[in-house]
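Student: In order, the protein sequence lines correspond to chains E and A.
Under my numbering, residue 346 is the last one in the first sequence; the count climbs by one each step, no gaps.
Under my numbering, residue 346 is the last one in the second sequence; the count climbs by one each step, no gaps.
All C-beta atoms in this analysis are idealised placements derived from N, C-alpha and C, irrespective of residue type, glycine included.
Protein chains: 2
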Amino acid sequence: MGHGMVTMEDVARLAGVSKMTVSNVVNNRAGVSEPVRRRVLEAIRRSGYRVNVSARTLKSGRTGVIGLAVPDVESAYFGHLASHVIAQARRRGFHVAIEETGAGAAGEAGAIAHSRTLQFDGLILSAVELDRLEEPADAHYPIVMLGEQDFGGRFDHVAMPNEEGTRVATAHLAERGCRRIAIVTGGALEGVNVVTRRYQGYRAALAERGLDAGPPLLFALDGMSMAAGRAAAHRIADSGLGVDGVVAVTDTVCLGILRGLADRGLRVPGDVRLAGFDDIPEAAFSVPSLTTVAPDHRWMAARAVELVTARIESPLRPTGQYVAPFELMIRESSD
Amino acid sequence: MGHGMVTMEDVARLAGVSKMTVSNVVNNRAGVSEPVRRRVLEAIRRSGYRVNVSARTLKSGRTGVIGLAVPDVESAYFGHLASHVIAQARRRGFHVAIEETGAGAAGEAGAIAHSRTLQFDGLILSAVELDRLEEPADAHYPIVMLGEQDFGGRFDHVAMPNEEGTRVATAHLAERGCRRIAIVTGGALEGVNVVTRRYQGYRAALAERGLDAGPPLLFALDGMSMAAGRAAAHRIADSGLGVDGVVAVTDTVCLGILRGLADRGLRVPGDVRLAGFDDIPEAAFSVPSLTTVAPDHRWMAARAVELVTARIESPLRPTGQYVAPFELMIRESSD
DNA sequence: TTGTATGCGTTATCAG
DNA sequence: CTGATAACGCATACAA
Chain E
12 MGHGMVTMED VARLAGVSKM TVSNVVNNRA GVSEPVRRRV LEAIRRSGYR VNVSARTLKS
72 GRTGVIGLAV PDVESAYFGH LASHVIAQAR RRGFHVAIEE TGAGAAGEAG AIAHSRTLQF
132 DGLILSAVEL DRLEEPADAH YPIVMLGEQD FGGRFDHVAM PNEEGTRVAT AHLAERGCRR
192 IAIVTGGALE GVNVVTRRYQ GYRAALAERG LDAGPPLLFA LDGMSMAAGR AAAHRIADSG
252 LGVDGVVAVT DTVCLGILRG LADRGLRVPG DVRLAGFDDI PEAAFSVPSL TTVAPDHRWM
312 AARAVELVTA RIESPLRPTG QYVAPFELMI RESSD
Chain A
12 MGHGMVTMED VARLAGVSKM TVSNVVNNRA GVSEPVRRRV LEAIRRSGYR VNVSARTLKS
72 GRTGVIGLAV PDVESAYFGH LASHVIAQAR RRGFHVAIEE TGAGAAGEAG AIAHSRTLQF
132 DGLILSAVEL DRLEEPADAH YPIVMLGEQD FGGRFDHVAM PNEEGTRVAT AHLAERGCRR
192 IAIVTGGALE GVNVVTRRYQ GYRAALAERG LDAGPPLLFA LDGMSMAAGR AAAHRIADSG
252 LGVDGVVAVT DTVCLGILRG LADRGLRVPG DVRLAGFDDI PEAAFSVPSL TTVAPDHRWM
312 AARAVELVTA RIESPLRPTG QYVAPFELMI RESSD
């Protein structure tokens, strides 16, 4: 690379000072006379100098970058979340690098290793499937979990209101008159994760009202996609179970269900009422618009960023566990 | 930071070799005997050593990171694009860092500076609004433009089939019997950008058929959002122009229009036919599903990554200009 | 207020 | 095949 790297040395020569003085000017440190500062700034401008981040990092041990590992950048939900995290990090002077884990426990564990290799100062890990984690030998790397695995309090943790949110959504459908409420969710119903927590909220709401629940009304997905939701809707329509309400594990899945019910000529909310989870931007614009559990994403992002930065400052501080506040957005799909 | 950094020095001591040998093993270089290699690998495993990327970068001048600057990570289209770029970059051994420009010329220009500051090896810039660019003093930084500004061939450039795609979509609506076809697009109709190119395709198609076009049928957006599309649909419905076809500048806007027409009791495709642009995943799942111009995103991502990596290797190679192939996906909204 | 010496972890070069 | 030495660009500690 013939990259015409301009160094502090060059700037120093150009300004007729030592490179230490240039460093002081660059970092806004006190103790530089105004005329000298001006001469240096001018030299920087003329030479097109830029600090070498690698050199600075090598010296300081910090990169100023926080990793954000999500299962899937393509998903509406994670894109939405990422934009909030980026905004919050920026105001604290951090840059965000987005990692894709591919929604598997392996990818999520790998993200931690990768994050360290890339020398992020900390990591916000949106863990969906990871439910066991071998503590690495040299721990104390600042990790904040955004999801349902709390690993027994070993990590800072910002959780979605999974159980309570789904309970409220399910109860809402029941109050609207639904008697046969199905749930469409992921396949793995063991461990403590998004899927199981939401399933529990669903069962709790039905149990409180003496309504049917359980396996026949559970429709499993093979992936958190619209396509999977659509396929599930077809199975629901063809099941002959007389389903009149559906709780979906996410809004993305819920949009697929909406589509799948339309394929079978079922009307929403006329024949079937629907509720989702996440309140992605699309939920307010679908036809019909989606009733959904709306966690406070801004709050979550702010909390997560606050937690990583705090842990970066003091790696040994006690961990904190938080659950995001939420609101049930009642829209056309359940009206 | 008491970060228990393990260095090559430590590994070397542990394996009873010099740190140069460790470096050779880590980088799979030839000329290391098998027994020594094994001893080193074992020492690495035991110590939990990881290369220090900053140090390597400082020495080599390369970070192995490609920047991808998009207006908005939250948007469905850019999330979709990003996932393709990440996949393509990975197979070439590069990592991708996503930058948000905020859809303004200033942000887009800033992304270039930021990208250099962060020492990305190259930048893929999805420029939406930037249409003039002051060449920086020390040029030859590997930049690939993904958008409509080609800056007179000064940059590698992968374009969407804006004009041709919109022309085909508009023609399709006309063939389906639409006579009053409106276009919903951004406000700035000067310069050469996504908005103007698509507008020209629309006008060309109508001119070929002697159909009305021009200002009364042009509905301007204040942003590329679903909310803006919805508002535009309200204006269309209330305009009294008898609009029976609408071409939307993006699918995201188109979804908003779909919603806005529903608000006014207009049926799609019964009363109004609709066509979008991008073929985001949601387009196939809306009710009705969207007819839309589907550029080959995978192709675009592959080409863009290929171009940056090639330019990273040889900064002085001639620039290339490409237009993505596309297909018109005919779905329910125009059927 | 400014300058000098030193080292961060890695790798290129060249000697053994 | 392996090892010693010298940078890479910056910032800390200390000297002037």
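1. With which residues is G78 (chain A) paired in a DSSP beta bridge?
2. Restricting to Cα atoms, I'd like to know which of E:H168, E:D307, E:A199 and E:G256 is closest to P329 (chain E).
3. Can you list, in chain order, the residues of its chain with a C-beta nearer than 7 Å to that of V279 (chain A)? Leave out the 5 residues immediately preceding and following it.
4. What does a CB cutoff of less than 6 Å around E324 (chain E) pick up in its chain, not counting 5 residues either side in sequence?
5. Would you please verify whether the beta carbon of T68 (chain E) is less than 8 Å from any beta carbon of chain A?
6. Quick one: using the 10 Å Cβ neighbour count with 16 as the cut-off for buried, is H14 (chain A) buried or exposed?
7. Do A239 (chain A) and V264 (chain A) have their beta-carbon atoms positioned less than 8 Å apart in this structure?
8. For chain E, is any of its Cβ atoms less than 8 Å away from the one on L217 (chain A)?
9. Starting from M311 (chain A), follow the beta strand (DSSP E) in both directions and report where the run begins and ends.
10. Pop quiz: V205 (chain A) and E159 (chain A) are said to be a contact at Cβ under 8 Å. What is the actual Cβ separation, rounded to whole angstroms?
11. For my contact list, R61 (chain E) and R127 (chain A) are in at a C-beta cut-off of 8 Å; report their separation, rounded to the angstrom.
12. Less than 6 Å between C-beta atoms, sequence neighbours within five positions excluded: which residues of the same chain meet that for V81 (chain E)?
13. Examine chain E for any beta-carbon lying closer than 8 Å to the beta-carbon of G253 (chain A), and answer yes or no.
14. Using a cut-off of 7 Å between C-beta atoms, extract the partners of G267 (chain E) located in chain A.
15. For the candidate residues E:A305, E:G212 and E:G59, whose alpha-carbon lies nearest to that of T18 (chain E)?
16. Taking Y213 (chain E) as part of the alpha helix (DSSP H), name the residues at either end of that continuous run.
17. Here's the rule I'm using: 16 or more other beta-carbon atoms within 10 Å means buried, otherwise exposed. How should A289 (chain E) be labelled?
18. Determine, for L129 (chain E), whether the minimum Cβ-Cβ distance to residues of chain A falls below 8 Å.
19. List, in order along the chain, the chain A residues whose C-beta lies closer than 8 Å to that of P172 (chain E)?
20. Can you name, in chain order, every residue of its own chain whose Cβ lies under 7 Å from the Cβ of T261 (chain A), other than the five neighbours on each side?
21. Taking only the alpha-carbon atoms, compute the straight-line gap between A294 (chain A) and L301 (chain A) and give it to the nearest angstrom.
22. Using the Cα positions of M311 (chain A) and T320 (chain A), report the straight-line distance between them to the nearest angstrom.
23. Note down, in chain order, all residues in the segment 39-68 of chain E with a beta-carbon under 8 Å from any beta-carbon belonging to chain A.
24. With a threshold of 8 Å between beta-carbons, can E20 (chain A) be considered close to chain E, or not?
25. Out of E:R322, E:D233, E:G188 and E:P306, state which residue places its alpha-carbon closest to the alpha-carbon of V334 (chain E).
26. Spatial neighbours of D149 (chain E) within its chain, please: CB distance less than 8 Å, with the 5 preceding and 5 following residues excluded, ordered by chain position.
27. Determine the direct distance from the alpha carbon of L79 (chain E) to that of F105 (chain A), and round the result to whole angstroms.
28. Look up M156 (chain E) in the DSSP assignment and say whether it is helix, strand or coil.
29. DSSP puts A177 (chain A) in a beta bridge; with which residues?
30. Skipping 5 residues on each side, what residues in its chain have a beta carbon closer than 6 Å to that of E338 (chain A)?
31. Which class does R24 (chain E) belong to by DSSP, given the choice of helix, strand or coil?
32. Closer than 8 Å, CB to CB, is R103 (chain E) near chain A or not?
33. Determine, using beta carbons only, whether H91 (chain A) comes closer than 8 Å to chain E.
34. Do the CB positions of V316 (chain E) and A100 (chain E) come within less than 8 Å of each other?
35. So, are the CB atoms of D282 (chain E) and H245 (chain E) less than 8 Å apart?
36. Name, in chain order, the residues that DSSP records as bridge partners for Y333 (chain A).
Tutor: For this structure:
1. A:A108 and A:L134
2. E:H168
3. L269, L272, L285, P299 and S344
4. none
5. yes
6. With a pLDDT of 47 at H14 (chain A), under the threshold of 50, the predicted position of this residue should be treated as unreliable, and no value is reported.
7. yes
8. no
9. Taken as a continuous stretch (DSSP letters only), M311 (chain A) belongs to no beta strand (DSSP E), being part of the alpha helix (DSSP H) at H308 to E324.
10. 5 Å
11. 6 Å
12. F89 and S137
13. no
14. F296
15. E:G59
16. V205 to R220
17. Correcting the residue type first, residue 289 (chain E) is Asp in the shown sequence and not Ala. Buried is the call here.
18. yes
19. Result: empty, since nearest Cβ-Cβ is about 22 Å, beyond 8 Å.
20. Y88, M235, G287, F288 and D289
21. 5 Å
22. 14 Å
23. G59, R61, V62, N63, V64, S65, A66 and T68
24. no
25. E:P306
26. Its pLDDT being 44, under 50, D149 (chain E) is placed unreliably in this model, and the coordinates cannot settle the point.
27. 18 Å
28. strand
29. Inspection of the sequence shows that residue 177 (chain A) is occupied by Thr rather than by Ala. For T177 (chain A), which the question treats as bridged, DSSP gives no partner whatsoever.
30. A305
31. helix
32. no
33. yes
34. yes
35. no
36. A:V169
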